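A.B. asks: Residue numbers (my numbering), protein chains in the order written: chain B, 54 to 652; chain C, 423 to 985. Every residue gets a Cβ at the ideal spot worked out from N, C-alpha and C, and that includes glycine. Treat the numbers as computed from the prediction; the structure is a model and nothing was measured. Handing you a structure now.
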Amino acid sequence: MSQPAFWPLTLILFLPAIVAFVLSLPIIPKAREELIRWIAVATTGVVFVISLIVAVPALGGFGGAMFSVGEPDMQLVVKMPWIDAFGIEYLLGVDGISMPLVVLTTFLSVLACAASWNISKHVKAYYVLFLLLETGMIGVFVSLDFFLFFVFWEAMLLPMYFLIGIWGGPRREYAAIKFFLYTLLGSAVMLLAMLMLYFNSDVTLLSDEQLVAAHVVSPQLQAAEQAAAIAELRASGSAVHSFNLLALAAIGQMPNSPFAIAKVFGMNLEVLAFLLLLIGFVIKVPVVPVHTWLPDAHVEAPTSISMILAGVLLKLGGYGIIRICYPICPGGGLELAWLVCGLGVVSMLYGAFAALAQKDFKRMVAYSSVSHMGYVMLGLGVWSAVAGREYAWESWAQGVNGAMFQMLAHGISSAGMFFMVGVLYDRVHHHNLDEFGGIFGRMPVYAGLAVTVFFAGLGLPGLCGFIGEVLVTLSAWNYSHVYAALSAFTVILTAGYILRAIQRVYLGAEYRGPHEEALTPLTRRELAIATPLVFLAVVFGVYPQSLFEYLTPSVNQQVETLATWTRDVHDAEAAVDAVQAARDAALEHVAANSGVSTP
Amino acid sequence: MNPASFLTPVLHDTLQVSLPLFRTELALAATIVLVLLVRMLPGLRRLDSGGVALGGVLFAAWYAWSDLRSLPGSPWLVGTALPERVELFTGLLVFDPLTAFIRFLLTGVLVLFSVFTRITGIPDREDAADFNVLVLGATLGMCLMASANHLLAVFLAVEMASVPSYVLAGLLKGRRTSSEAALKYAVYGAGAAGVMLYGISLLAGSLGTVHLPTAATRLAAIGRAGFPDGAAMVLMLGGLMVGVGLAFKLSAVPFHFWAPDVFEGASAEIGGFLSVASKTAAVALLVRVALGFGMPAPASEPVPQAAAISVAAEDGQARDADRAGLAPVRSFTVAVIALLAAVTCTLGNLGAYGQTNIKRMLAYSTIAHVGYLMMGVAAAVALAGANESLAATAISAVSFYLATYLFMNMSAFLIVAVLRNRLRSEEISSYAGLVKTSPGLVVLMGVVLASLIGLPPLAGFVGKFLVFAALAEGITASAEGSILLALLVVGGLNTVLGLFYYLRVVKVMTFDPPPADRPQPSVGLVSLSGAAITAFVVPIVIFGVFWSGLYTLARLTGGLFPD
């Protein structure tokens, strides 16, 4: 069975890890720091180029793997057996939701790698860990097997712990362990949900078409082989459990789904599992009240790692919610829509207010991330919120598309903001908002770029931050006027703290802090990092269609499927239950009146 | 009665049935004799007793492997398969997949341990013979623990494994802590053994037998009668008292107090041996006793002709009836094991927080890991009543965990011992800044500790995943679902609890600056000790990513339950 996507995807995924392993061997002496830096940048560069060639059809595809834009289903699927005993597979694939995130990851990795040039402590170890981290991040986005997803999810923790803990600021140890603890708690909870879902799943409940569509039986097989494989699955007569995310989603959305029937602690499994998974993911997003690791981690992490943290790691949470929580546990999503939306709005407001109160520049940017990711939560949340049961899926789709766009835009703008803060820090070695000023006069090119990036973060029309926010706010109106109003109000707060920061740092007559002499213009390397970020912030703001081309087909298909599910499965079952309950009540009434006790 | 008519079947049972399946233990016993002889005979005194011991152990390990791979269902089968379950020595011991697997693990530990002690140089030449005899003797006892089928054999095996361990703990003769450790261990051990023996006598009194399969049948009969005349009280008391002895061997809370002292007082080598081998045997014994009372024994073949103390094989119908009759026993066992497991795991992890000595910390870590293993046993017992093939999965999970645990703890103690030889210290703080001079060693230690935390893609994660999977499966499939759900939650939270103290060691080695007054030693990986450590650690990574093979091996222990 030939799988054209095998090498391209595997290369994107494991090339960083392989280079990391080779670097860790004593082949290249530690002292050749410049060489090690170039190897790392070259690796991330190659990975980025491959992912770009795969993602953009105009570039002709890589080794026979070409992403077809506009195709909503999973593409470039790679399927290899891994652990037969549990049906765990090396199952990779991308669709319109994950492909842009993969490219964002590889793109930011190149920039962050280049931004690490001034790391001078343990250079070799730094790049080894950095490359391992990249493999972990890409792995989460391309895994279609829950076990594999979990492995990559956790594999990121240790590199991140060291990257913050060794190369971070003064309180780095505290920040590193806090990050690790929060995320590990989330993963432990996620593991529980994963196991419960696995043991309640049964792929033999699916129809033959669904089995093929979910890649339980590979569609690349001949029809006869497919039929044989399906027959083999059904022959056992007992339940066949699966970690396949697509199959789990199909099982979760079928009528009388085992996830909806099974009860744990008196709760429907789909509600409980949704809640547990949500806890695991929102810690990563992060939302209030589990966000407290983020400001610490951001402030202490070196610039390049802050870029990765804000640009990619936070997106993992949002991605998990859209890829795992909703499709697999739609009932839970519907029931807990108020929670998801509420968390989103609370994060938005709290993050914005907290950002307003910060005296530390980097901490302010960190809180702005909390606020911006709140939009993502709200956008994803309105998805399951059906206004008046009209099944108007267009409105949900708008919210989800907005959330996805917000994730990508925030990946660009927040990475940019952290880089801009880092540029200043490298020169004057402080983050104190009150001790800046007059940067425009001293570093005009830098200040121009920085202000553009901060405006993108603010959500100024014409820049990338605007599109996501406005779509989310509009779609929230159909769910709750209050939420929409609050989310619009947050825009004012955002403007407040961003403008305040711009005024304190860039404007003003003179610089008021230490190391004034160090304020030199941008180096060419810094310019090379800042320019693409600014460029993309403008492009996505002016021509958002470039991203929506990728996002919309997959998002709309998923939303439409779930909207149909709400009408045909959820509400239909609820109606049946209601009829049943009414009949029971009537029988009771009759029995009571006739004086005969019912058994 | 004609003595011949009695002797012939016994002779047949011993020579034809029992001894061939007992050759691993025989090889160990022969090695002990050989090591002693080597020291006594003048011409052989120059021989290295460690080498002799290693040779004998390799033989034993080969036998153990041959038995293991000849189990029914094994993909490595050569020739005819061994029977699924055979009672040895008229029912005192039993040979089944669990016996074979644990024996293989134990002899495997011995092989690694021989390499370990050669590299770290404890014991010295003078003590080597004593040391090897004691280790071999303890392992022999542990092999018996894994195959005990009779409470008397349980007691004898526990004592046989314990007594050499007491001496081993006190091997560093000149050190006060070592003597204290040995004394504490011996006193605790004696107390626990006494209580256990009393429990056995209570059970013997109320059941009329201590042969586990027979006892299970009697127990089922009493259970069907609804435990009349206060029988439940005596049986529960007896069971709990036997449990005390097991908990001592497992170092389960609240019988764990000896473990930190013994691990700290004894040398790191002995710590590694006790934490791996003795726990492996103890977990196997727990499985034996818990399932022995909780489940009617599967048909044993061939049925011993000297059936004086054994019951004839039951047919399927009687077995099902017995299984139903034993339901209350299982519930009780599950509740007790689950409670102990939850407490052991949590207190083990919490106890490790404040430790400044790495061996004490590893002792508490061992206690915590025993907790996870007991969770798996609880799941197995709970599932056994509902669905035996699922219970087989749970037993396989425990077996897999034991196998990975072997590599993890052996590596950890080996690194501690190597560092002790260079640093003359076992304080965690003395490892400060080690990454600057010995980066390779620190990376390997980091891998070991990450695996102990349970981070993928390392073997420790897979073990934990399998145990949690067994618990999750039991939630809906078994009668004790709510207990297992609680265990699953406790286990998940404990993973997070464990993070702190394991990571602290890594933190000290990497983040902290090295001491200013003396340089940290440099342990390269291109040295004998470095190579050995690498060889111990590489399986942790391999079994974390490609665990199909090892899992297939562990699956064989599921043959404990007939289809």
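For the beta strand (DSSP E) containing V130 of chain B, name the first residue and the last one.
C.D. replies: Residues Q128 to I136.
A.B. asks: Taking Cβ-Cβ distances below 7 angstroms as the criterion, which residues of the stretch 352 to 366 of chain B are in contact with chain C?
C.D. replies: Those would be none; no residue qualifies.
A.B. asks: So, with DSSP's three-state summary, where would you put S196 of chain B?
C.D. replies: Of the three classes helix, strand and coil, the one that applies to S196 of chain B here is strand, per DSSP.
A.B. asks: For chain B, find out if any of its Cβ atoms is closer than 8 angstroms to the Cβ of Y588 of chain C; answer yes or no.
C.D. replies: It does not; no Cβ of chain B falls within 8 angstroms.
A.B. asks: I need the straight-line Cα distance from E902 of chain C to L812 of chain C, nearest angstrom please.
C.D. replies: Whole-angstrom Cα-Cα distance: 14 angstroms.
A.B. asks: Helix, strand or coil: which one does DSSP assign to H482 of chain B?
C.D. replies: Note: H482 of chain B maps to coil in three-state DSSP.
A.B. asks: Do the CB positions of L856 of chain C and V869 of chain C come within less than 8 angstroms of each other?
C.D. replies: No, Cβ-Cβ distance for L856 of chain C and V869 of chain C is not below 8 angstroms.
A.B. asks: Under a Cβ-count criterion, where at least 16 other Cβ atoms within 10 Å of its own Cβ denotes burial, should S55 of chain B be classed as buried or exposed?
C.D. replies: That one is exposed.
A.B. asks: Pull up the DSSP beta-bridge partners for Y143 of chain B, would you.
C.D. replies: Per DSSP, B:M133.
A.B. asks: Note down the Cα distance separating A703 of chain C from L387 of chain B, rounded to an integer number of angstroms.
C.D. replies: So the alpha carbons of these two residues sit roughly 50 angstroms apart.
A.B. asks: Going by the DSSP bridge assignment, what does F115 of chain B pair with across the sheet?
C.D. replies: Answer is B:A118.
A.B. asks: Under three-state DSSP, which class holds A570 of chain C?
C.D. replies: A570 of chain C: strand per DSSP, three-state reduction.
A.B. asks: Mind checking whether A551 of chain C and R461 of chain C have CB atoms under 8 angstroms apart?
C.D. replies: It is a contact, given that the beta carbons lie within the stated cut-off.
A.B. asks: Should G510 of chain B go down as buried or exposed, given a rule of 16 or more other Cβ atoms within 10 Å for buried?
C.D. replies: Buried.
A.B. asks: According to the Cβ coordinates, are A819 of chain C and L972 of chain C closer than 8 angstroms?
C.D. replies: No.
A.B. asks: If the cut-off is 7 angstroms on Cβ atoms, which residues from the stretch 865 to 888 of chain C count as contacting chain B, listed in chain order?
C.D. replies: Within the stretch 865 to 888 of chain C, the residues whose Cβ lies closer than 7 angstroms to some Cβ of chain B are A872, L877, P878 and P879, listed in chain order.
A.B. asks: Output the boundary residues of the alpha helix (DSSP H) element that contains E86 of chain B.
C.D. replies: E86 of chain B -> alpha helix (DSSP H) spans E86 to A108.
A.B. asks: If you draw a straight line from the alpha carbon of Q727 of chain C to that of V432 of chain C, how long is it in whole angstroms?
C.D. replies: Confidence at Q727 of chain C is low in this model, with a pLDDT of 44, below 50, so the placement of that residue should be treated as unreliable; the coordinate-derived value is given next. Cα to Cα, Q727 of chain C sits roughly 8 angstroms from V432 of chain C.
A.B. asks: Using a Cβ-Cβ cutoff of less than 8 angstroms, which residues in the same chain neighbour V457 of chain C once the five nearest sequence positions on both sides are dropped?
C.D. replies: Excluding sequence neighbours, V457 of chain C sits near S471, V474, A475, G478, A551, N554, V555 and L558.
A.B. asks: Going straight from the alpha carbon of P272 of chain B to that of G117 of chain B, what length do you get?
C.D. replies: When rounded, the distance between both Cα atoms is 17 angstroms.
A.B. asks: Mind reading off the beta-carbon distance from L594 of chain C to S689 of chain C? Whole number of angstroms is fine, and I expect it under 8 angstroms.
C.D. replies: L594 of chain C to S689 of chain C, Cβ: 6 angstroms. Contact.
A.B. asks: Are the beta-carbon atoms of Y143 of chain B and L201 of chain B separated by less than 8 angstroms?
C.D. replies: Yes, Cβ-Cβ distance for Y143 of chain B and L201 of chain B is below 8 angstroms.
A.B. asks: Using DSSP bridges, identify the partner residues of E509 of chain C.
C.D. replies: DSSP lists C:V516 as partners of E509 of chain C.
A.B. asks: Within 8 angstroms of any Cβ in chain B, is that where the Cβ of E895 of chain C sits?
C.D. replies: Yes, E895 of chain C lies at the interface with chain B (some Cβ there is under 8 angstroms from its Cβ).
A.B. asks: Quick one: which chain C residues come within Cβ less than 7 angstroms of E86 of chain B?
C.D. replies: What E86 of chain B touches in chain C: nothing, since even the nearest Cβ is about 15 angstroms away.
A.B. asks: How should H534 of chain B be labelled, buried or exposed, when 16 other C-beta atoms within 10 angstroms of its C-beta is the threshold for buried?
C.D. replies: By the neighbour-count rule (16 or more Cβ atoms within 10 Å), H534 of chain B is not buried but exposed.
A.B. asks: For the stretch 208 to 220 of chain B, enumerate the residues whose C-beta is nearer than 9 angstroms to any C-beta of chain C, in chain order.
C.D. replies: Those would be A208, L210, L211, Y214, F215, G218 and I219, in chain order.
A.B. asks: For N321 of chain B, does the count of other Cβ atoms within 10 angstroms reach 16, so buried, or fall short, so exposed?
C.D. replies: Buried, since its Cβ has 16 or more Cβ neighbours within 10 Å.
A.B. asks: Measuring alpha carbon to alpha carbon, tell me which of C:L562, C:G876, C:V705 and C:F523 ends up nearest L975 of chain C.
C.D. replies: Nearest of C:L562, C:G876, C:V705 and C:F523 to L975 of chain C, Cα basis: C:F523.
A.B. asks: When you check each C-beta in the stretch 222 to 242 of chain B against every C-beta of chain C, which residues fall closer than 9 angstroms?
C.D. replies: Those would be R225, E226, A229, I230, F233, L234, L237, L238, S240, A241 and V242, in chain order.
A.B. asks: Can you pull the chain B neighbours of F890 of chain C, defined as C-beta to C-beta under 8 angstroms?
C.D. replies: Those within 8 angstroms of F890 of chain C in chain B are L244, L245 and L248.
A.B. asks: Since L910 of chain C meets chain B, which of its residues come closer than 8 angstroms, beta carbon to beta carbon?
C.D. replies: In chain order: L245 and L248.
A.B. asks: Are the Cβ atoms of S970 of chain C and I332 of chain B separated by less than 8 angstroms?
C.D. replies: No, Cβ-Cβ distance for S970 of chain C and I332 of chain B is not below 8 angstroms.
A.B. asks: With the cut-off set at 8 angstroms, would you say M717 of chain C and A638 of chain C are in Cβ contact?
C.D. replies: In this structure, A638 of chain C lies closer than 8 angstroms to M717 of chain C by Cβ.
A.B. asks: Any beta carbon of chain B sitting closer than 8 angstroms to that of T898 of chain C?
C.D. replies: Closer than 8 angstroms: yes.
A.B. asks: Using three-state DSSP, classify D934 of chain C as helix, strand or coil.
C.D. replies: D934 of chain C falls in the coil class under three-state DSSP.
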